[in-house]
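In the working numbering, the protein residues as written are 2 to 99.
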Amino acid sequence: VVVDIFIYLANVFTPGNQDGKNDYFDVPLQGHDHFEIRIFNRWGEVVFESQNPDEKWYGNVKGGEYYARDEVYVWLLNFRQAGFVDEREVSGHVTMLR
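So this is what it looks like as structure tokens:
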């Protein structure tokens with residue numbers, strides 16, 4: 002049996018504009034036993050990483066007090082669904098606008 006997993010992730014978010022909408026980037030993934038996400042800037046530097054699927058990225062750099070620049074970021078997600086052996090890797094991009 003082959004099971005395909007569809008994950009929808011927003012490709013734009015707007016942290017810090019105080020409207021209460023699209024204020025963070027997150028991965029709504031349930032039922033896994035491994036999770037790792039890394040977000041890179043255009044120079045390949047990691048600006049956010051987490052092994053906690055409940056942690057959201059608010060646009061701050063490495064948990065710091067300042068925001069990353071408004072631009073397109075690349076994300077790389079590694080995960081393994083509970084009960085499965087194979088780890089999956091997916092990637093995409095997200096644009097941050099403040």
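Where is the CB? At the ideal position from N, CA and C, for every residue including glycine.
Residue span of the beta strand (DSSP E) that contains residue i, given as start and end
i                : result
valine 75        : 73-82
phenylalanine 36 : 33-41
glutamate 88     : Premise fails: glutamate 88 is in no beta strand (DSSP E) and is neither H nor E.
valine 47        : 47-51
Inter-residue Cα distance where the pair is residue i and residue j
i                : j             : result
threonine 96     : aspartate 55  : 20 Å
tyrosine 67      : aspartate 87  : 37 Å
serine 51        : tyrosine 25   : 14 Å
phenylalanine 41 : lysine 57     : 15 Å
glutamine 82     : isoleucine 8  : 12 Å
arginine 99      : asparagine 12 : 14 Å
valine 47        : histidine 35  : 20 Å
glycine 93       : leucine 10    : 9 Å
glutamine 31     : glycine 60    : 23 Å
valine 91        : leucine 78    : 5 Å
Per-residue DSSP class, three states only, for residue i
i             : result
threonine 96  : strand
tryptophan 44 : coil
asparagine 23 : coil
valine 62     : coil
tyrosine 67   : coil
valine 13     : strand
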